[in-house]
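>
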Amino acid sequence: MRLSLKRKMVFSVVVAIGLTAIALVIASYHMFQQDSWRAIESESRNTLRAHAKGIGDWFADKQHALQGLREEIEANPQLDLVPHLRQTLQSGSFGLSYYGNEQGEMYRQDPSLNKAGYDPRERGWYQQAKQAGQPITTDPYVSVTMQTLVVTLADPVRINGQFAGVAASNLALNKLIEDVLAIPVPGKGYAILVNQKGNIVAHPNKELILKPTQDMATGFSASALNEAAKQNTPLDLTIDGREKLLMAQSIDNTDWTLVMVMDKAVLAQPLNSLLTTQLLIGLGILLVMALITSWFVARQLNELGNITAALSDIAEGDGDLTRRLDVKSEDEVGILADKFNKFVDRLHVMVKNVHSVSVALNEGANHAARSAGQRGERIRTQQDEITMVATAVTEMASATAEIAGNADNTAKQANESVDLGARGYQQMQQSKQSIDQLAQELNGAVNIIGDLEAQANEISTILSTIRSIAEQTNLLALNAAIEAARAGDQGRGFAVVADEVRVLSQRTHSSTEEIQTKIEGLQKATAKAVSVMTDSHRLVETSVEDVNLTGDSLQAISEAIQLISDMATQIASAAEEQSLVTADINGNTESVREVSDQLASEATDAVQQAKSLHNLAQELDQEISRFRL
1 MRLSLKRKMV FSVVVAIGLT AIALVIASYH MFQQDSWRAI ESESRNTLRA
51 HAKGIGDWFA DKQHALQGLR EEIEANPQLD LVPHLRQTLQ SGSFGLSYYG
101 NEQGEMYRQD PSLNKAGYDP RERGWYQQAK QAGQPITTDP YVSVTMQTLV
151 VTLADPVRIN GQFAGVAASN LALNKLIEDV LAIPVPGKGY AILVNQKGNI
201 VAHPNKELIL KPTQDMATGF SASALNEAAK QNTPLDLTID GREKLLMAQS
251 IDNTDWTLVM VMDKAVLAQP LNSLLTTQLL IGLGILLVMA LITSWFVARQ
301 LNELGNITAA LSDIAEGDGD LTRRLDVKSE DEVGILADKF NKFVDRLHVM
351 VKNVHSVSVA LNEGANHAAR SAGQRGERIR TQQDEITMVA TAVTEMASAT
401 AEIAGNADNT AKQANESVDL GARGYQQMQQ SKQSIDQLAQ ELNGAVNIIG
451 DLEAQANEIS TILSTIRSIA EQTNLLALNA AIEAARAGDQ GRGFAVVADE
501 VRVLSQRTHS STEEIQTKIE GLQKATAKAV SVMTDSHRLV ETSVEDVNLT
551 GDSLQAISEA IQLISDMATQ IASAAEEQSL VTADINGNTE SVREVSDQLA
601 SEATDAVQQA KSLHNLAQEL DQEISRFRL
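Quick note: the sequence shown, position 365, residue 365 per the UniProt record's numbering, numbers continuous.
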């Protein structure tokens, strides 16, 4: 589509304003986006720190309560533990409070909970506290006694500098989990608790509690979480198919980390709304500016439109070069009109001169066209005669080349046949070697099957011996049973044993019969295999003889083909010499024809150029006649 100057100017202004507006929108959006994310991170970090501090202080209170129990036991080893355990239970709001010593004794705040045979020294909380030598907190677990998720706070007790036992309490986490899940998180998010090993302590989805963080999202490892908490940097993950932003804060007095999981799409929603609003405002401003610019440019270009109309009348009318434009102003438009008048004056003189030249050119073109036509006729006659000679030589050269090519192809095919025969002979020799090796393998297989048959016969002999022993054992067991019956009550035990021996001998006899049947089947199969191997050996020997005959035939064929190849090579050499001589003649004739063709082409071009020149002279005269001089 052709644009007018007005539209181009309006379009340029609109584009400039549009690019400026887009740049401003992008810059403001980018700055607002950065400020918003910084504000979100700052707010989330402050919230995390506040709640993490609360959880840490909560744990510190529990640890202080247990520390008080430990200090009382260290100060008075003969202390009545039950009242102090109850006091610790109440002050720390524990579920259970207890003390285990190195003598294997266990004390609880409620003596009715004590269990016989319970050795605290074998428990994990006791061993961990003893090994650490300082207060420890176990990993969360489901307490069998309390039937809820708990952790054990354990503090080693030392009396006179020697380890004496461990004071511990079970702390239920259900209230803590409720408080964590109630933390307000931006972006429709939620808070979770994760320990140092990467196991989830608190999560809205109860099925994920005590599960590794990897079950939430790929790449959500304990190391990545600890690094994010240490560096105070957010962590980007994909959870349940949505982009999430995670903020982490370690909790004092524990090895836990408080994590806020926020939906990035929800957080970015206000930013997207702002971007849409800015784009709409920018579009409105752009539309208003386009209208104002269009009105202003139209007023400025009104006089230029009058000049354009006058120029169109000169260009599209009857070509009146006597017409001039009125100069009404001294601005750029007036200067344009004055320069146009001067241009038309010079054009008027130039067209008159061109008209005189076109008349002379037309006469010269007619004379050149006639002369070129006569020379073209003479050259075409000579070209026809040369073409006939070149055609005859070309046909002779083609026939000679075809003979040489066929002879050469025959020689090549014969050589390939000789090579194929040699490879076939080599392949036959390899087949012969493979068949000989197969015959040797078959002989070895026959010997192995023979050995197998001999072993089967030996097994049959052994089975016969076992069967005889079983029959004798059966007779002995029968005699023993008869003797036991005679002995009455005193021989009952012996009769039972004799009956079991007789049953075992019968089972042995039955098993030997089954084995004998299998062995006989194996012997029959072995005999068949020997027969098949023998037949295969005979077939292999016959194949060796056939391969030898095939080798002799291939050798004879190869010699005959070699003779054909030699003869074809001689024919190809003679034909090649004839082809070279013919090619020289053909080349010389072709050179003469090319020169003739070039002369004919040049003559034809000269005729065409003369005609074209005549036509151009007529067209030039017609164009000049359109102007009013």
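By construction, the Cβ of each residue, glycine as well, lies at the ideal position given by its N, Cα and C atoms.
Taking the beta strand (DSSP E) that S86 falls in, what are its first and last residues?
Counting from 1 along the sequence shown, the entry for residue 86 is found at position 86. Residue identity differs from the one stated: residue 86 is Arg in this sequence, not Ser. Segment L81 to G92 is the alpha helix (DSSP H) holding R86; no beta strand (DSSP E) there.
> Measure the alpha-carbon distance for S273 versus A23 and round it to whole angstroms.
Mapped onto the sequence shown, residue 273 falls at position 273. Mapped onto the sequence shown, residue 23 falls at position 23. Going by the C-alpha atoms only, they are around 18 angstroms apart.
> Would you say the region 168 to 176 touches the region 58 to 66, given that touching needs at least three Cβ pairs under 8 angstroms?
Yes, the region 168 to 176 touches the region 58 to 66.
> Looking only at C-alpha atoms, which of P140, M289, V180 and A495 sits nearest to A16?
On the sequence shown, residue 16 is found 16 positions in, with the first residue counted as 1. Ranking P140, M289, V180 and A495 by Cα distance to A16 puts M289 first.
> Can you tell me the Cα-Cα spacing of I448 and L438, whole angstroms?
The sequence position of residue 448 within the sequence shown is 448, counting from 1. The sequence position of residue 438 within the sequence shown is 438, counting from 1. Each residue's Cα considered, the two are about 15 angstroms apart.
> Consult DSSP for G587 and reduce its assignment to one of helix, strand or coil.
Looking up residue 587 in the sequence shown gives position 587. The answer is helix: DSSP assigns G587 an H, G or I state.
> Measuring only the C-alpha atoms, how far is R121 from G54?
Translated into positions along the sequence shown, residue 121 becomes position 121. Translated into positions along the sequence shown, residue 54 becomes position 54. The straight-line gap from Cα to Cα measures roughly 34 angstroms.
> Tell me whether the region 243 to 258 and the region 217 to 233 touch, counting them as touching only if at least three CB pairs, one residue from each stretch, are closer than 8 angstroms.
They touch, by the three-pair rule.
> First and last residue of the alpha helix (DSSP H) that includes D179?
Working through the sequence shown from its first residue, we reach residue 179 at position 179. That run of the alpha helix (DSSP H) goes N174 to L181.
> Only counting the same chain, and skipping five residues up and downstream in sequence, which positions put a Cβ closer than 6 angstroms to that of S460?
By one-based count along the sequence shown, residue 460 stands at place 460. Excluding sequence neighbours, S460 sits near I519.
> How is D408 classed by DSSP in three states: helix, strand or coil?
Sequence index remark: in the sequence shown, residue 408 carries index 408 (1-based). Three-state result, D408: helix.
> For G219, name the three-state secondary structure that DSSP assigns.
Taking the sequence shown and counting its residues from 1, one reaches residue 219 at position 219. Here G219 sits in coil by DSSP.
> Alpha carbon to alpha carbon, how far is L85 from V157?
For the purposes of this step, residue 85 is taken as residue 85 along the sequence shown, with counting starting at 1. For the purposes of this step, residue 157 is taken as residue 157 along the sequence shown, with counting starting at 1. Their backbone Cα atoms lie some 14 angstroms apart in a straight line.
> Identify whether K53 lies in helix, strand or coil by the three-state DSSP scheme.
Residue numbering aside, residue 53 sits at position 53 when the sequence shown is read from its first letter. K53: helix per DSSP, three-state reduction.
> Less than 8 angstroms between the C-beta atoms of M216 and I239, yes or no?
The residue you call residue 216 lines up with position 216 of the sequence shown. The residue you call residue 239 lines up with position 239 of the sequence shown. Yes, the pair counts as a contact, with Cβ atoms nearer than the cut-off.
> Rounded to the nearest angstrom, what separates L66 and Y190 at their Cα positions?
Within the sequence shown, numbered from 1, the residue matching residue 66 stands at position 66. Within the sequence shown, numbered from 1, the residue matching residue 190 stands at position 190. The straight-line gap from Cα to Cα measures roughly 32 angstroms.
> Give me, in chain order, the residues of the same chain whose beta-carbon lies closer than 6 angstroms to that of Q128; leave out the 5 immediate sequence neighbours on both sides.
For the purposes of this step, residue 128 is taken as the residue at position 128 of the sequence shown. Contacts found: I136.
> For the candidate residues L616, A498 and S12, whose alpha-carbon lies nearest to that of V357?
The residue given as residue 357 occupies position 357 in the sequence shown. Here the closest residue by C-alpha is L616.
> Taking the alpha carbon of A27 as the point to measure from, which residue in K412, L279, F220 and A132 has its own alpha carbon closest?
Residue numbering aside, residue 27 sits at position 27 when the sequence shown is read from its first letter. Minimum Cα distance to A27 is reached at L279.
> So what's D535 in DSSP terms, helix, strand or just coil?
Taking the first residue of the sequence shown as position 1, residue 535 is located at position 535. Residue state, collapsed to three classes: helix.
> Residue range of the alpha helix (DSSP H) that G124 falls in?
For the purposes of this step, residue 124 is taken as residue 124 along the sequence shown, with counting starting at 1. Taken as a continuous stretch (DSSP letters only), the alpha helix (DSSP H) holding G124 covers G124 to A132.
> Pick out whichever of Q131, L89 and G161 has its Cα sitting closest to the Cα of A168.
The count along the sequence shown starts at 1 and reaches residue 168 at position 168. Answer by Cα proximity: L89.
> Along the chain, which unbroken stretches of the beta strand (DSSP E) at least 3 residues long are found entirely within the region 220 to 260?
Listed in chain order, they are 235 to 239 and 242 to 250.
> If you follow the beta strand (DSSP E) that P156 is part of, which residue opens it and which one closes it?
The count along the sequence shown starts at 1 and reaches residue 156 at position 156. That run of the beta strand (DSSP E) goes L149 to I159.
> Assuming K125 and V150 make a contact with CB atoms under 8 angstroms, what is their CB distance in whole Å?
If you number the sequence shown from 1, residue 125 lands on position 125. If you number the sequence shown from 1, residue 150 lands on position 150. Before going on, a small fix: residue 125 reads as Trp here, not Lys. Incorrect: roughly 11 angstroms between the Cβ atoms, too far for contact.
> Any contact between the region 491 to 510 and the region 412 to 430? By contact I mean 3 or more CB pairs, one from each, below 8 angstroms.
Because the criterion of three Cβ pairs below 8 angstroms is not met, the region 491 to 510 and the region 412 to 430 do not touch.
> Sort I515, V359, D566 and M388 by Cα distance to E416 and report the nearest one.
Numbered from its first residue, the sequence shown carries residue 416 at position 416. Taking only the C-alpha atoms, the option nearest E416 is D566.
> Output the distance between the C-alpha atoms of N341 and E377, rounded to the nearest integer angstrom.
The residue labelled residue 341 in the question sits at position 341 within the sequence shown. The residue labelled residue 377 in the question sits at position 377 within the sequence shown. Going by the C-alpha atoms only, they are around 53 angstroms apart.
> Can you look up V194 in the DSSP assignment and give me helix, strand or coil?
Counting from 1 along the sequence shown, the entry for residue 194 is found at position 194. Strand at V194.
> Please tell me whether W180 and P140 are closer than 8 angstroms, where the distance is taken between their beta carbons.
Taking the sequence shown and counting its residues from 1, the one referred to as residue 180 is at position 180. Taking the sequence shown and counting its residues from 1, the one referred to as residue 140 is at position 140. Correcting the residue type first, residue 180 is Val in the shown sequence and not Trp. Not closer than 8 angstroms, so no.
> Would you tell me roughly how many angstroms separate the C-alpha atoms of N479 and H537, rounded to the nearest one?
As a first step, residue 479 must be located in the sequence shown, where it is residue number 479. As a first step, residue 537 must be located in the sequence shown, where it is residue number 537. C-alpha separation (whole angstroms): 58 angstroms.
> Pick from N353, A610 and T308: whose alpha carbon is nearest that of E363?
In the sequence shown, the residue the question calls residue 363 occupies position 363. Nearest option by C-alpha distance: A610.
> Nearest CA to the CA of G133: which residue from V144, E441, G161 and T148?
Translated into the one-based positions of the sequence shown, residue 133 becomes position 133. Measuring from the Cα of G133, the nearest candidate turns out to be G161.
> With distances taken Cα to Cα, identify the nearest neighbour of Q374 among Y98, E71, K130 and Q608.
Within the sequence shown, numbered from 1, the residue matching residue 374 stands at position 374. The shortest C-alpha separation from Q374 is found at Q608.
> Please look up how many angstroms separate the CB atoms of R324 and V349, rounded, as I've assumed it's under 8 angstroms.
Counting from 1 along the sequence shown, the entry for residue 324 is found at position 324. Counting from 1 along the sequence shown, the entry for residue 349 is found at position 349. Going by Cβ atoms, the distance from R324 to V349 rounds to 15 angstroms, so no, they are not a contact pair.
> Do A454 and L522 have their C-beta atoms within less than 8 angstroms of each other?
Locating residue 454 in the sequence shown gives position 454, counting from the first residue. Locating residue 522 in the sequence shown gives position 522, counting from the first residue. Not closer than 8 angstroms, so no.
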